[in-house]
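>
Chains as they are written, first to last, in the working numbering: chain F, 200 to 520; chain G, 230 to 522.
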């Protein structure tokens, strides 16, 4: 399930074109004039950022976290609570949401990385469920399963198109920052941990320190995504921390392809569209999501982008031969 | 606090410990032998509970035959999952990640299948009449059904130990756990044994669900609660360790039962605290792993 060797590396001019095309595409969405598309694109950017934060752990470092929703939810509740109780204005609260996500990762991370492989996955799941349980039950503080409604964001951000550009202006620099992290020497160490933790350790690298750092960075971006979502919907619910949310970003990343940088964003787009379409016809959307995931695991283990790349390469091979 | 209250909490803790043990030991068995972390194991608990509801409450089969049928049904579903789906990804690069995803997709699918067939309402089964009363020991009385569940759990524990240690099937199973290729070249039918182990373990999960159905109401979504409970159990006991699952289940059952006495709302927190402590001081689990036995 780990990514290809070249998957997370830059590829010269193609790389710039890829970024330009993505940015242009998202920037032009509001021209469609349909608020449905703007809302959908907004959600795709937020969930894409969330899924990319997950992929820093999974696709890059090889740590399958099943608790990513805890960081996302804590970021959202940071915004919801600070604004709801009138402590801070939205921009300041939003700035604190990645801090909250990073702090949570700093608390849970050392416990989770004590074990590796499947154990790590299950520990992230268990601790995330714990955080969810606390948010769900602590009525006095978080509002319990009522969530928080009517989060008072500034009126200037209530217009969907404005908030959309606000999201865009935050999400793309975040994507770039994540890209920098992956391509830095630090990121190279993370990738070598994915490929072979033992050998990386033999090089004198303290693996756990790097894994913890990856969790903290990932937690920060997940928290920011949560904060953006809180401002987008202006209402939040403990479900944002539920394990199904963690599962959703895993599915998005796998579907898009964990070994390509934009894979999780593509996956977020596909899944959100599928959920929206299925939601119109049936209440049983889980079975569809589960069925799609099952099919991917068995037939297309490299995801949409990976499979597509494979086809292109094979086709080029035929042409060249 | 008077001693009869302590005793009754002790018994109630043991009862939930046994239902946890039945799921966790199956989880650990599959992990030890098949080398798969069956994330969907709690869903077989769910299936067992709903099958029991169907057979006992709807079709009117007697309680114990119904429980056995439900357990058997869950086991058959487990074999199908292993034989049709899981088998295709054995040995693939990065298998662990795919295992989690594949079994995760089964949680989603089985959850919805259950909702489609039985709806989302709470379901429940009556306890069998012979076990609906209390059994008294001197001054204290315990619910007869709880005692029956504890007895059934212990019976399965001993039975499993016997199967693993004393039968040819158990010998094959241990051989595969130690070295799958070697076992195969010595003539052990590995694919068949893996399917059977999967069936046996999921049947135990189903049994747990069926036995819990009269005590807890049956709802969709119970699968994930159960898998997280059993996960905590196996982390405490040591994954792949059969007796570790028993020890872990008793620890968690009792910690939760007594946690309810002191801080009812936050009782669930205690099991996480125990798990965190084990992780810090003994990350390999209380009983270090020694093969599948």
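Glycine included, C-beta positions come from ideal geometry on N, C-alpha and C.
In the region 479 to 494 of chain G, which residues sit with their C-beta less than 7 Å from some C-beta in chain F, listed in chain order?
Within the region 479 to 494 of chain G, the qualifying residues are 494.
> State buried or exposed for residue 363 of chain F, treating a residue as buried only when at least 16 other CB atoms are found within 10 Å of its CB.
To locate residue 363 of chain F, count along the first chain from 1; it is residue 164. It is buried - the Cβ of residue 363 of chain F has at least 16 other Cβ atoms within 10 Å.
> Using a cut-off of 9 Å between C-beta atoms, extract the partners of residue 312 of chain G located in chain F.
One-based indexing of the second chain puts residue 312 of chain G at position 83. Chain F residues near residue 312 of chain G: none, gap ~14 Å exceeds 9 Å.
> Output needed for residue 247 of chain G: all residues of its chain with C-beta closer than 6 Å, excluding positions within five of it in sequence on either side, in chain order.
Residue numbering aside, residue 247 of chain G sits at position 18 when the second chain is read from its first letter. So the list reads 378, 379 and 382, once near-sequence residues are dropped.
> With distances taken from CA atoms, which of G/435, G/436 and G/402 is nearest residue 424 of chain G?
Here residue 424 of chain G refers to the residue found at position 195 of the second chain. Minimum Cα distance to residue 424 of chain G is reached at G/402.
> Beta-carbon separation of residue 433 of chain G and residue 254 of chain G under 8 Å?
Here the question's residue 433 of chain G lines up with position 204 in the second chain. Here the question's residue 254 of chain G lines up with position 25 in the second chain. In contact: residue 433 of chain G and residue 254 of chain G (Cβ atoms closer than 8 Å).
> Report buried or exposed for residue 363 of chain G, applying the criterion of at least 16 other Cβ atoms within 10 angstroms of its Cβ.
Working through the second chain from its first residue, we reach residue 363 of chain G at position 134. When all chains shown are included, residue 363 of chain G counts as exposed.
> Please check if any C-beta of chain G sits within less than 8 Å of the C-beta of residue 483 of chain F.
Taking the first residue of the first chain as 1, we reach residue 483 of chain F at position 284. Yes - at least one Cβ of chain G is within 8 Å of the one on residue 483 of chain F.
> Find the residues of chain F that neighbour residue 340 of chain G, judging by a C-beta separation of less than 9 Å, and give them in chain order.
Locating residue 340 of chain G in the second chain gives position 111, where the first residue counts as 1. Ordered by position in chain F, the residues that pass the 9 Å Cβ test against residue 340 of chain G are 485, 486 and 489.
> According to the neighbour-count rule (16 or more other Cβ atoms, all chains shown, within 10 Å of its Cβ), is residue 521 of chain G buried or exposed?
For the purposes of this step, residue 521 of chain G is taken as the residue at position 292 of the second chain. Summary for residue 521 of chain G: the model assigns pLDDT 40, below 50, so the residue's position carries little reliability; its value from the coordinates is reported in the next sentence. With 16 or more Cβ atoms within 10 Å of its Cβ, residue 521 of chain G is classed as buried.
> Among G/487, G/436, G/501 and G/444, which one has its Cα closest to the Cα of residue 462 of chain G?
Indexing the second chain from 1 puts residue 462 of chain G at position 233. Minimum Cα distance to residue 462 of chain G is reached at G/501.
> Give the single residue among G/447, G/513 and G/392 whose Cα lies nearest to the Cα of residue 272 of chain G.
In the second chain, counting from the first residue as 1, residue 272 of chain G sits at position 43. Among G/447, G/513 and G/392, the Cα nearest to that of residue 272 of chain G belongs to G/447.
> Would DSSP call residue 238 of chain G helix, strand or coil?
Position 9 of the second chain, counting from 1, holds the residue named residue 238 of chain G. Here residue 238 of chain G sits in helix by DSSP.
> State the Cα-Cα distance for the pair residue 476 of chain G and residue 507 of chain G, rounded to the nearest angstrom.
The sequence position of residue 476 of chain G within the second chain is 247, counting from 1. The sequence position of residue 507 of chain G within the second chain is 278, counting from 1. Going from the Cα of residue 476 of chain G to the Cα of residue 507 of chain G covers about 13 Å.
> On the CB-based measure, 16 or more other CB atoms within 10 Å of its CB, does residue 365 of chain G come out buried or exposed?
Mapped onto the second chain, residue 365 of chain G falls at position 136. With fewer than 16 other Cβ atoms within 10 Å, it is exposed.
> Tell me the rounded alpha-carbon separation between residue 272 of chain F and residue 366 of chain F.
Here residue 272 of chain F refers to the residue found at position 73 of the first chain. Here residue 366 of chain F refers to the residue found at position 167 of the first chain. Rounded to whole angstroms, residue 272 of chain F to residue 366 of chain F spans 17 Å at the Cα level.
> Would you identify the three-state DSSP class for residue 284 of chain F, choosing helix, strand or coil?
Mapped onto the first chain, residue 284 of chain F falls at position 85. DSSP places residue 284 of chain F in coil when its eight states are reduced to three.
> Do you know how far the Cα of residue 406 of chain G is from the Cα of residue 264 of chain G?
What you label residue 264 of chain G is simply residue 35 of the second chain in a count that begins at 1. What you label residue 406 of chain G is simply residue 177 of the second chain in a count that begins at 1. Using only the alpha carbons, I get a separation of about 8 Å.
> Using beta carbons (cut-off 8 Å, strictly below), is residue 328 of chain F in contact with chain G?
For the purposes of this step, residue 328 of chain F is taken as the residue at position 129 of the first chain. Taking Cβ atoms only, chain G reaches closer than 8 Å to residue 328 of chain F, which makes this a yes.
> For chain F, check one thing: does any of its Cβ atoms lie closer than 8 Å to the Cβ of residue 356 of chain G?
Reading the second chain from its first residue, position 127 is the one you call residue 356 of chain G. No - not a single Cβ of chain F is within 8 Å of the one on residue 356 of chain G.
> Taking the continuous beta strand (DSSP E) assigned at residue 417 of chain G, which residues delimit it?
The residue given as residue 417 of chain G occupies position 188 in the second chain. No beta strand (DSSP E) contains residue 417 of chain G, which DSSP labels as neither H nor E.
> By DSSP, does residue 369 of chain G sit in helix, in strand, or in coil?
Start at 1 with the first residue of the second chain, and residue 369 of chain G comes out as number 140. The answer is strand: DSSP assigns residue 369 of chain G an E or B state.
> Where are the beta strand (DSSP E) runs, 3 residues long or more, that stay fully inside the region 462 to 496 of chain G, in chain order?
Complete beta strand (DSSP E) runs here, min 3: none at all.
> Is residue 442 of chain F close to chain G, meaning its C-beta is less than 8 Å from at least one C-beta of that chain?
Translated into positions along the first chain, residue 442 of chain F becomes position 243. Chain G, which has a Cβ nearer than 8 Å to the Cβ of residue 442 of chain F, makes this yes.
> Does DSSP put residue 477 of chain F in a helix, a strand or coil?
Numbered from 1 along the first chain, position 278 holds the residue referred to as residue 477 of chain F. Of the three classes helix, strand and coil, the one that applies to residue 477 of chain F here is helix, per DSSP.
> For a contact defined as C-beta to C-beta under 7 Å, what are the partners of residue 320 of chain F on chain G?
Position 121 of the first chain holds residue 320 of chain F. Within chain G, the residues near residue 320 of chain F are 329.
> For residue 480 of chain F, is the classification buried or exposed, using 16 other Cβ atoms within 10 angstroms of its Cβ as the cut-off for buried?
Locating residue 480 of chain F in the first chain gives position 281, where the first residue counts as 1. So residue 480 of chain F ends up on the exposed side.
> Just the Cα atoms here: how many angstroms apart are residue 436 of chain G and residue 428 of chain F?
Position 207 of the second chain, counting from 1, holds the residue named residue 436 of chain G. Position 229 of the first chain, counting from 1, holds the residue named residue 428 of chain F. Whole-angstrom Cα-Cα distance: 42 Å.
> Quickly, what does DSSP pair residue 447 of chain G with across the bridge? List them, please.
Counted from its first residue, the second chain places residue 447 of chain G at position 218. For residue 447 of chain G, which the question treats as bridged, DSSP gives the partners G/352.
> Please report the Cβ distance between residue 243 of chain F and residue 468 of chain F, rounded to the nearest whole angstrom; I am assuming they are in contact, meaning their Cβ atoms lie under 8 Å.
Working through the first chain from its first residue, we reach residue 243 of chain F at position 44. Working through the first chain from its first residue, we reach residue 468 of chain F at position 269. Confirmed, Cβ separation roughly 5 Å.
> Note the first and the last residue of the continuous alpha helix (DSSP H) segment covering residue 369 of chain F.
Position 170 of the first chain, counted from the first residue, corresponds to residue 369 of chain F. Segment 359 to 382, the alpha helix (DSSP H) holding residue 369 of chain F.
> Between residue 377 of chain F and residue 255 of chain F, is the Cβ-Cβ spacing less than 8 Å?
Numbered from its first residue, the first chain carries residue 377 of chain F at position 178. Numbered from its first residue, the first chain carries residue 255 of chain F at position 56. Yes; because the gap between Cβ atoms is below 8 Å, this pair is in contact.
> How far does the alpha helix (DSSP H) with residue 231 of chain F in it reach, from first residue to last?
Stepping through the first chain from its first residue, residue 231 of chain F is reached at position 32. Looking at the DSSP string, residue 231 of chain F is not in any alpha helix (DSSP H), and its letter there is neither H nor E.
> Reducing DSSP to helix, strand and coil, say where residue 390 of chain F ends up.
Position 191 of the first chain, counted from the first residue, corresponds to residue 390 of chain F. Helix, per DSSP.
> Which bits of chain F does residue 512 of chain G rub up against, with CB to CB less than 9 Å?
If you number the second chain from 1, residue 512 of chain G lands on position 283. Residues of chain F passing the Cβ test: 313, 314 and 318.
> Any beta-carbon of chain G closer than 8 Å to the one on residue 446 of chain F?
One-based indexing of the first chain puts residue 446 of chain F at position 247. So, interface residue.
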